[in-house]
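Reading through the structure tokens given below for one structure.
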Amino acid sequence: MTVDIPLVNGTSYCSLTAHSKDVFEKTLKFYGDFLQLEKRSISDNSILLFNGAVSLKLNLEVDEIKQKIAEAKYERLKSSTITQDWRACVHESLVFNTADIQENKNYLVEENLPRQAYPTDLFPMQLYTLDPLGNVVGVTSTKNAVSTMPTRPPTTDESVTSSLVSKAPSYTDLKKAVPTSDTYPSLPASSDKPRKAIAVMTSGGDAPGMNANVRAIVRTAIFKGCRAFVVMEGYSGLVHGGPEYIKEVNWEDVRGWSSEGGTNIGTARCMEFKERKGRLLGAQHLIEAGVDALIVCGGDGSLTGADLFRSEWPSLIDELLKTNRITEEQHTRYKHLNICGTVGSIDNDMSTTDATIGAYSALDRICKAIDYVEATANSHSRAFVVEVMGRNCGWLALLAGIATSADYILIPEKPASSREWQDQMCDIVSKHRKRGKRTTIVIIAEGAIANDLTPISSADVHKVLVDRLGLDTRITTLGHVQRGGTAVAYDRILATLQGVEAVNAVLDTTPDTPSPLIAINENKITRKPLVESVKLTKSVADAIKAKDFKKAMALRDTEFVEHLNNFMAINSADHNEPKLPADKRLKIAIINVGAPAGGINSAVYSMATYCMSQGHKPYAIYNGWSGLARHESVRSLDWKSMLGWQSRGGSEIGTNRVTPEDADIGMIAYYFQKYQFDGLIIVGGFEAFVSLHQLERARDSYAAFRIPMVLIPATLSNNVPGTEYSLGSDTALNALMEYCDVIKQSASSTRGRAFVVDVQGGNSGFLATCAALAVGAQASYVPEEGISLEQLSQDIETLAESFAKAEGRGRFGKLILKSTNASKALSAESLAKVMTAEAEGRFDAKSAIPGHIQQGGLPSPIDRTRATRLAIKAVGFIEAQQELISDARADNDGFNPDDKELSGTAAVLGVKGSHIVFTSIRQLYDFETEVTKRVPKIIHWEATRAIADHLVGRKRVD
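Mapping of the sequence shown onto our numbering: residues 1112 to 2069, in sequence order.
As structure tokens, then:
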């Protein structure tokens, strides 16, 4: 007998073995009658007994000696029915929940079977007997096998109760266990039609975010009326098969998975599946489980195996039919297998997608590690060689280099000769040291090579730094730390959205449709041909092996090349000869306006160092417009004074919400004229947006403002028109997500506890919506929708039902996210009190206010790297617009403030999709902005709300 945990506590599958044909038949009859289990033949010597909640697999292995031992055990226990407590005589027992323990007792009496009842035989709450194998088998009307409290009467129908008894990892048709519109109001009405069975598996190296992907696939499949399965241990699970490895799961089984790292369904590299024999077994086991669609989350190797499996499927099932391993009916029903892939890889090495699940989480681990290393390196003036993952892809090393201002990086895509990389590295490191930098950070990808394909190791780099520069050098190999921990917000959201789309793709796929790969392009979830994507990915490695490094670089996306050029530019700063001739060099000012946001310092640092490399002179206006108007707070920026800014939070040059008209726009124009600024970069939120509008409108009166001016949006609210992304929003989202994870843990410690979390964001619900999707909040209230009494009442009922249905499955907490401005009447504290009162003891709610924690500490790697990209784009815009506006600066009489070309030189730099676009401030302010509400007219994240609601079973009241 194989049983690890009593079934009453959640395990819903076990296997039993009979050692004679006669006992085998008696055991089948016993469980069929006593527990009302149905039977299904797996093979001649194996029968599956099941109902809507549990599965027992009964095997026949004839063995006379073992049979005699079992008989002796049965007789020994039977003879001690009155004298001994069976529970103290055996190491394990099977205990099942029952809705009618008296009915079970009547059966035992009728069959004259031995029994023990507790606390009394007249009113039993636990009832034990012996099965023909000699096992102690019990039924209970309590919550679990050690409880003395009877189960509460069911608040819903029997089908709902049975779904919460166990996790149901079996082959059984859990029609009763699948949540429907009755149990989770947002779900569609149940149907009696045959349902598609969709399985999900994770394979290859694990990546943070895989659990969020699995959760989204399982719940979306159920939401679409399908059966959901998980394949345990990757392709090994397919090869081994059986209910232990191919498990049907329900809605509750994946609760809380978004916040967990790794993959809860396991992953393994399976050599057997590479052979046809292994794939044949996989096909047989999927058919036995009733699965007709498979979604694989993994890297290129895993996805290659998935597509091969699909291409061979017709021949595999033909062979299974010929060898009588499946029936004609099964052959017809499972004639086609739909395959879909989602990419889980920390290397971000898959072609045709901008990001893979887990890549930004790994980058976050690397940046945090380097930030920590930087402190000890500074103390001892040491050099550190940091080795990161990336066998054929240098994405992690490159972006970590930008995010941490590393001195040098070595990546596979851009190798140099053995002598060249040593000279280049020593040159830049020695220049940095001579200028006063105390630390040296060199980042090397594990797949770094010279142009003759000779591997470059961290030890090689260490030797060069010690021998040629005499630096006290240490090696730090991050290894699997990069895979560990929970996923960052971006990966949770990406994995969730891709999981939803994967189910949609499977349902849309026909036998003639190529297997799709779910990708993200231009910030949109897309479908790509899986085969072509894998082929392109492998061609990068092939190009590197063939020493065709230009082709390898060309196969990377354009953003990768841009990041590489940006790194080289900001790293050289003013250490080399400027790129531009003297007559093209400009004076460019930068100012921070609005509340602090993660990435502001990164933008200032990148703007200044890039200007230096070009030959421009960067200026910083300190303490916003008021600092300029009152104190002439203008200083030129130098490289040494900015060391470390790339990874710092807050604003090193100071910021406030004062606009030019509030400060004194005339004085501001005077100082612009005094310093002869040729361009201006404003970094900030909606106040910065208004500032740019005021300066552009004042050009007719003040010629000093007739210069190219660019706004880089930076605000956690992400409410600046003209962009889908603002610096600081990712940092804020991660800070809020981590806060919510901690609060949720607190809530889970107290049964029936929910927290109402107050979320910043002004009149924008972006932060609350994205955080709700990332943490699995039960509901989110945003200013765009407000809080209606009908919706609030429905949410309270849904919460109460959810707590009631999950009783006995362990403690868990619930979160409600409320934007501060979602309601003028209800604060987070008031809302929590209302919910507690209306719940009438079914649950209680507390308020939690993270406040300015949401601005974050150190900026996230996404905010750092995007700040660099946007700052350099802004400088390029100023360079490009000089010729157009230079004449207007000197011609007061001929200046036309309504000229579209001239007004276009004052622009908002935004991210739309994956494109970086410049949009005229006049166009945005006049036509695309709700000025009084301080939000854009078009809400680009609105569709995300419906997905967040569906994945938690929230019913919307129209």
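Ideal Cβ placement from N, Cα and C applies to all residues, glycine included. If you're wondering where the values come from, they're calculated on a predicted model, not measured in any experiment.
- Beta-bridge pairing by DSSP links histidine 2026 to Lys2023.
- The stretch 1456–1511 contains, as complete beta strand (DSSP E) runs of 3+ residues, the segments 1494–1499 (chain order).
- Sequence-distant Cβ neighbours of valine 1769 in its own chain, meaning closer than 7 Å and more than five residues away, are Gly1735, Trp1736, Ser1737.
- DSSP places methionine 1820 in the strand class (E or B) of the three-state scheme.
- About 4 Å separates the beta carbon of alanine 1879 from that of valine 1870, a gap short enough to meet the 8 Å contact definition.
- A Cβ-Cβ contact shorter than 8 Å links histidine 1674 with isoleucine 1513.
- Spanning the alpha carbons of arginine 1151 and threonine 1565 requires a straight line of approximately 59 Å.
- Between the alpha carbons of glutamate 1136 and valine 1206 lies a distance of about 22 Å.
- In terms of Cα proximity to phenylalanine 1420, the closest of Arg1696, Ile1477, Leu1405, Gly1409 is Leu1405.
- Selection Asn1503, Gly1345, Ile1702, Asn1449 evaluated against alanine 1985 yields Ile1702 as nearest (Cα-Cα).
- Distance from the CA atom of methionine 1723 to the CA atom of tryptophan 1362, rounded to whole angstroms, is 56 Å.
- DSSP places glutamine 1227 in the strand class (E or B) of the three-state scheme.
- Under the three-state reduction of DSSP, arginine 1585 is assigned to strand.
- The residues Pro1707, Gly1709, Asn1712, Thr1842, Gln1966, Gly1967, Gly1968, Leu1969, Pro1970, in chain order, have a CB closer than 8 Å to that of glycine 1760 in the same chain once the five nearest residues on each side in sequence are set aside.
- No Cβ-Cβ contact shorter than 8 Å links isoleucine 1793 with valine 1715.
- Contact annotation: lysine 2066 and glutamine 1905 have beta-carbon atoms nearer than 8 Å.
- By the 16-neighbour rule on beta-carbons within 10 angstroms, phenylalanine 1141 is buried.
- Rounded to the nearest whole angstrom, the C-alpha separation of alanine 1911 and isoleucine 1898 is 19 Å.
- Segment contact: the stretch 1748–1757 against the stretch 1779–1787, fewer than three CB-CB distances shorter than 8 Å; contact not assigned.
- Annotated as proximal: asparagine 1830 and serine 1875, with beta-carbon spacing under 8 Å.
- In chain order, Pro1235, Leu1238 place their CB closer than 6 Å to the CB of alanine 1228, counting only its own chain and leaving out the 5 sequence neighbours on each side.
- Looking at Cys1504, Leu1697, Gln1395, Pro2008, the one whose alpha-carbon comes closest to that of histidine 1804 is Pro2008.
- With a threshold of 16 other beta carbon atoms within 10 Å, histidine 1130 meets it and is buried.
- Ranked by how close their Cα comes to the Cα of glycine 1469, the residues Glu1371, Ser1490, Leu1392 have Glu1371 in first place.
- In the three-state reduction of the DSSP assignment, leucine 1391 falls in the helix class, which pools H, G and I.
- About 15 Å separates the beta carbon of alanine 1570 from that of isoleucine 1554, a gap too long to meet the 8 Å contact definition.
- A residue is called buried once 16 or more other Cβ atoms fall within 10 Å of its Cβ, and asparagine 1217, having fewer, is exposed.
- Nearest in C-alpha terms to isoleucine 1655, of all of Glu1994, Tyr1782, Gln1757, Ala1527, is Ala1527.
- Taken through DSSP and simplified to helix, strand or coil, proline 1689 comes out as coil.
- Secondary structure note for phenylalanine 1141: its alpha helix (DSSP H) is the uninterrupted segment 1132–1145.
- For alanine 1556, the enclosing beta strand (DSSP E) has its first and last residue at 1551–1556.
- With the rule of 3 Cβ pairs closer than 8 Å, the stretch 1612–1631 does not count as touching the stretch 1515–1526.
- Taking the Cα positions, aspartate 1174 is about 12 Å away from aspartate 1133.
- Between tyrosine 1721 and isoleucine 1764, the beta carbon gap of about 17 Å keeps them out of contact (Cβ cut-off 8 Å).
- Beta-bridge partners assigned by DSSP to asparagine 1449: Ala1404.
- Alanine 1417 is a Cβ neighbour of glycine 1452, given a cutoff of 8 Å.
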